[in-house]
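These notes concern the structure reproduced below.
Residue numbers (my numbering): 3 to 267.
Right under this line is the structure:
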């Protein structure tokens, strides 16, 4: 009887050890695959957006000249704005150099907001300037979003035929509701995070924390599914912005669901 009990305990310990080893091996494997994801994304972008004349001029000092890069940056930004202006639709312009987020229609600015803080992925920063300017020479197309607020539909009102049919407008409710946090997904994989700067209620900070947590869990789950089939997880470069809540709300509700964004680094 004691022998059977001892064998059972030994078998149980062995099972726990095997499970622990398998979990550790999977975590190591997952970590390696996760570290490879940004490199894979960078190589994909280089293959798709690096122009032929850059390859021909590889090793040339002109590609590292600050004046030349500044001109390329200006050209890419203006080209992107020209492309969007031709759509006759409202679009978002993010001028990170001047910390300004603005809404424009056909090249005319209709609203602007000061960006109090921003942060972006390292692959969008220094060291990859030429690639980024090539990448941003066209507008980013919004393909989806996640938000804590909903887009309010447009209200189309018919003009009354006489005073008897006139109904006064409903006064909008301007009291504070939910905090504004949202993510704009783009067609090339760059994700734009926009958060409100004010923390009016004690729960606002917690609300933003859980918004980010849900996004991380969603991305982790997607990564685990890819790793399980021996694929490198998809990496999404990001730009995170902090704006006044009222401006963040206006921008989210003004741009179309399939709108466009121009970015100036």
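Just so it is clear, CB atoms sit at the ideal spot from N, CA and C, and this is done for glycine as well.
Check, Outcome
"Strictly by DSSP, which residues pair up with residue 188?", "144"
"Distance, Cα to Cα, residue 149 vs residue 14?", "47 Å"
"Can you give me the start and stop residues for the beta strand (DSSP E) that residue 219 sits inside?", "Where residue 219 is concerned, there is no enclosing beta strand (DSSP E), although the alpha helix (DSSP H) it sits in stretches over 204–230."
"For residue 135, does the three-state DSSP call read helix, strand or coil?", "helix"
"What three-state label does DSSP hand residue 257 in the structure shown?", "coil"
"DSSP three-state call for residue 103: helix, strand or coil?", "strand"
"If I follow the unbroken beta strand (DSSP E) through residue 76, where does it start and stop?", "Here residue 76 belongs to no beta strand (DSSP E); instead the alpha helix (DSSP H) covers 68–87."
"Is the number of C-beta pairs between the region 234–254 and the region 188–197 that are closer than 8 Å three or more?", "yes"
"At a cut of 8 Å, does the region 67–79 reach the region 211–222 through at least three beta carbon pairs?", "no"
"So residue 92 and residue 80 are in contact, right, with Cβ under 8 Å, and what is the actual spacing, rounded?", "The Cβ separation is near 19 Å, so there is no contact."
"Can you tell me whether residue 25 is helix, strand or coil according to DSSP?", "helix"
"Residue 266 and residue 96 look like a contact to me (Cβ under 8 Å); what is the Cβ gap, rounded to whole Å?", "7 Å"
"Between residue 270 and the rest of its own chain, which residues show a CB-CB distance below 6 Å, the 5 nearest in sequence each way excluded?", "Residue 270 lies beyond the range of the chain shown here (3 to 267); nothing can be said about it."
"Taking the beta strand (DSSP E) that residue 193 belongs to, which residues open and close that run?", "193–198"
"Alpha carbon to alpha carbon, what distance is there between residue 216 and residue 235?", "18 Å"
"Determine the burial state of residue 31: buried for a count of at least 16 other Cβ atoms within 10 Å of its Cβ, exposed for fewer.", "exposed"
"Could you tell me how far apart the beta carbons of residue 68 and residue 140 are, in whole angstroms, since I believe they sit closer than 8 Å?", "The pair is not a contact, with the Cβ atoms about 24 Å apart (cut-off 8 Å)."
"Sort 260, 153 and 112 by Cα distance to residue 188 and report the nearest one.", "260"
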